[in-house]
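K.L.:
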Amino acid sequence: MQSPGVWLPELDEKKELISSMEKLGVEYLDIGFPSANKRAFNNIKSLVSHISNCQLKIKPCCAGRTHIEDIKPIISLSEIMGRPIEPLLFIAVSPIRQLVEKWDLAHIISISRTTLEFSLSQGLTPTLVIEDATRALPSTLSSMYDLAIELGLNRIVLCDTVGQSTPAGVREIVSWSVAYFEQRDYQIGFDWHGHNDRGLALINSMEAILAGCDRIHGTALGIGERTGNAAIDQIIVNLFLQGYTQWDVSKLKNYVELSATYFKQTIPDNYPVFGANVFKTASGVHAAAIRKSKLLENPMLCDLIYSSVPASAFSRENEIEINYMSGKANVINWLEQSDVLITSELVDNILKFASQRHRPLTDDEIYSVIEGVN
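For the sequence shown, UniProt numbering assigns the number 374 to the last residue and increments by one with no breaks.
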C-alpha cells in the first residue's frame, strides 16, 4: 500500500480480501510489486498460490518498472501460477518528470522497448503503464503509442498520477488516444488509473469509461497515495446503477467492511452507500414518506422514495430515528417495530422529550419515556 499510515493486512487477511473480491466479481487484481524486496515477493507468491489452488477466476497482475530485473520475479510467479501473469510496466513521461529524472524521450523509448521486448520474449503479455500521462505532451504520447503498435501490445494504462484532470480533460485524452489507434487500424485496450487530489477520481473514472476505457483501476475505500484513488466500491455502485450487472453487489458491503477492518480504517458515517448514516433519517417529512411507502408493500418504493441508491440491493435498509426534527411518523414507526401500544399521549411525550435533546434518542431513552407514561 502506498498510503502512509495505512495498516498492511496480514497474509491471511489479504487472501480473505481476494476471496471477497472474487465473490463480488472483480476481474483483475494488482497483487503487488514483487521486485520491491524479498518479503514482497514471498507474500505475492503466497497470494498467487492461493488464487491458483482455490481455482479463482480473478486474474492477478504485478506492477514493475521498465527494468528487466523487475520482470524476472513476474516470470517466476507465472511459473508458480501455471499461466502468465500480466506485468503492469510503468514509466513516467511528463515534462516535469523528465526534468527531475534527467531523461529525454529517446531514453524513455529505449528502456521501455528493451523491457517490453524482454517481457514478450518470455511469453508474458505486458501492459504499458504511462505514468503522468495527463501532464504529458501529445507528441510524447504519440511516440509511446507508436512503440505499442510496433511491439504488438494489447493494452495501455493512462495514468492521472497526480489527480490533476477534470472530467473534460479525461474525455479529451481518452478520446484522442482511442482515435489515434483507430486511425491506424490497430486494436488496443485502454485502462484508466485515477487519483483523487481534486476530489474528482470517481467522476473521472466514469468519464473514462464513456470515452473508451474498458478497464478502470480502483482501490478499497479509495485508499492510496496522498488523497487516494477512485474507490472501487463507488465505481461498482455507479456502474450498477447505470445498468451494468456483472457484479454481485449484495457482496459489496462485506468487501467494504473487511477492507476497513483489515486496513484499520474508519468508514465515515456519510460515506456513500456504506456509511452508518447513509440510509438513516430523523426528519419528520422524510420519515412520513418512507413509512407511507412501506405501507404500500413495495420494497422498491421504500428504497427510492428518499434515495437514488436502493438500499436493499447493497444489503442495507432504511432506518428511521427520532430526534428534535422528528414528527409523529418517526415515533409511530419505532413503536410499531418495537411492538409497543401506540397512544397519542405516548407519541406526544416522546416527541417532547426528543425536542429537548441534541441528538437522536437511544432505545433506552425511548423506553424510559414509555415507562413514565405507563
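Where is the CB? At the ideal position from N, CA and C, for every residue including glycine. Only a predicted model underlies this, so the values are computations on that prediction, with no experimental measurement involved.
Go to R291, then tell me how far its alpha helix (DSSP H) extends in each direction, as first and last residue.
P.N.:
Its alpha helix (DSSP H) spans residues 284-295.
K.L.:
Spell out the partners DSSP gives E86 in its beta bridges.
P.N.:
The partner list for E86 (beta bridge, DSSP) reads C61.
K.L.:
Just the C-alpha distance for G25 and R171, rounded to the nearest angstrom, thanks.
P.N.:
Approximately 27 Å between the Cα atoms of the pair.
K.L.:
Is the number of C-beta pairs between the stretch 58-67 and the stretch 266-281 that are closer than 8 Å three or more?
P.N.:
No: fewer than three Cβ pairs fall under 8 Å.
K.L.:
Which complete alpha helix (DSSP H) runs does the stretch 180-237 hold, if anything under 4 residues is left out?
P.N.:
Counting only runs of 4 or more, we get 201-211.
K.L.:
Below 8 Å, how does it come out for the stretch 314-325 and the stretch 287-294: are there three or more Cβ pairs, yes or no?
P.N.:
Flag = yes, the stretch 314-325 and the stretch 287-294 touch.
K.L.:
In or out: C159 buried (at least 16 other Cβ within 10 Å) or exposed?
P.N.:
With 16 or more Cβ atoms within 10 Å of its Cβ, C159 is classed as buried.
K.L.:
S35 and E69: beta carbons closer than 8 Å?
P.N.:
Closer than 8 Å, so yes.
K.L.:
Could you give the uninterrupted runs of the alpha helix (DSSP H) lying entirely in the stretch 122-184, keeping only those of 4 residues or more?
P.N.:
If we require 4 residues or more, the alpha helix (DSSP H) runs fully inside the stretch 122-184 come out as 138-151, 167-182.
K.L.:
So, is M300 buried or exposed, given that buried needs 16 or more other C-beta atoms within 10 angstroms?
P.N.:
Classification of M300: exposed, given that the 10 Å Cβ count is below 16.
K.L.:
Note down the Cα distance separating V93 from S139, rounded to an integer number of angstroms.
P.N.:
Approximately 11 Å, taken between the alpha carbons.
K.L.:
Looking only at its chain, what residues have a beta carbon closer than 6 Å to the beta carbon of K15, apart from the 5 residues adjacent to it on each side?
P.N.:
Hits under 6 Å: H50.
K.L.:
Over what stretch of residues does the alpha helix (DSSP H) that includes L47 continue unbroken?
P.N.:
It spans 38-53 - the alpha helix (DSSP H) in which L47 sits, taken as one unbroken run.
K.L.:
Does the Cβ-Cβ distance between V157 and D191 come in under 8 Å?
P.N.:
Yes, these two residues count as a Cβ contact at 8 Å.
K.L.:
If you follow the beta strand (DSSP E) that L29 is part of, which residue opens it and which one closes it?
P.N.:
Note, L29: beta strand (DSSP E), 28-30.
K.L.:
Could you have a look at E319 and say whether DSSP puts it in helix, strand or coil?
P.N.:
Strand.
K.L.:
Out of curiosity, what's the CA-to-CA distance linking A282 and A329?
P.N.:
Each residue's Cα considered, the two are about 10 Å apart.
K.L.:
Taking all protein chains shown into account, do 16 or more other C-beta atoms lie within 10 angstroms of the C-beta of I209, making it buried, or fewer, making it exposed?
P.N.:
By the 10 Å Cβ count, I209 comes out buried.
K.L.:
When the Cα of H107 is compared with those of L151, L137, M144, S3, which residue comes out closest?
P.N.:
Comparing Cα-Cα distances from H107 to each of L151, L137, M144, S3, the minimum goes to M144.
K.L.:
Could you have a look at I109 and say whether DSSP puts it in helix, strand or coil?
P.N.:
Three-state DSSP puts I109 in a helix.
K.L.:
Pop quiz: Y262 and P4 are said to be a contact at Cβ under 8 Å. What is the actual Cβ separation, rounded to whole angstroms?
P.N.:
Not confirmed; about 17 Å, so no contact.
K.L.:
Whose C-alpha, out of V347, G327, M325, is nearest the C-alpha of residue 390?
P.N.:
Past the edges of the chain, shown from 1 to 374, lies residue 390, and the structure says nothing about it.
K.L.:
How many Å lie between D364 and S78 at the Cα?
P.N.:
So the alpha carbons of these two residues sit roughly 58 Å apart.
K.L.:
Mind the definition here: the stretch 296-315 touches the stretch 343-357 only if three or more C-beta pairs lie below 8 Å; say whether that holds.
P.N.:
Judged by Cβ distances under 8 Å, the stretch 296-315 makes no contact with the stretch 343-357, as fewer than three pairs qualify.
K.L.:
Assign Y271 to one of two classes, buried (16 or more other C-beta atoms within 10 Å of its C-beta) or exposed (fewer than that).
P.N.:
It is buried - the Cβ of Y271 has at least 16 other Cβ atoms within 10 Å.
K.L.:
What whole-angstrom Cβ distance do V273 and V331 have, given they're in contact under 8 Å?
P.N.:
Going by Cβ atoms, the distance from V273 to V331 rounds to 28 Å, so no, they are not a contact pair.
K.L.:
State the Cα-Cα distance for the pair A63 and L202, rounded to the nearest angstrom.
P.N.:
Approximately 22 Å between the Cα atoms of the pair.
K.L.:
On the three-state DSSP scale, how would you describe K280?
P.N.:
Three-state DSSP puts K280 in a strand.
K.L.:
I think L200 touches P167, with their Cβ atoms under 8 Å apart; what is that distance to the nearest whole Å?
P.N.:
With a Cβ gap of about 7 Å, L200 and P167 count as contacting.
K.L.:
I91 by DSSP, collapsed to three states: which one?
P.N.:
Looking at I91 - three-state DSSP - the assignment turns out to be strand.
K.L.:
Excluding the 5 residues flanking F118 on each side, which residues of the same chain have their C-beta closer than 8 Å to its C-beta?
P.N.:
Once the five neighbours on either side are set aside, the close Cβ partners of F118 are I68, I71.
K.L.:
Under DSSP, the alpha helix (DSSP H) around V256 begins and ends at which residues?
P.N.:
Per DSSP, V256 belongs to the alpha helix (DSSP H) from 252-262.
K.L.:
Do you know how far the Cα of C54 is from the Cα of R357?
P.N.:
Cα-Cα distance, rounded: 53 Å.
K.L.:
Which of the three DSSP states is assigned to F314 in this structure?
P.N.:
Correct three-state label for F314: helix.
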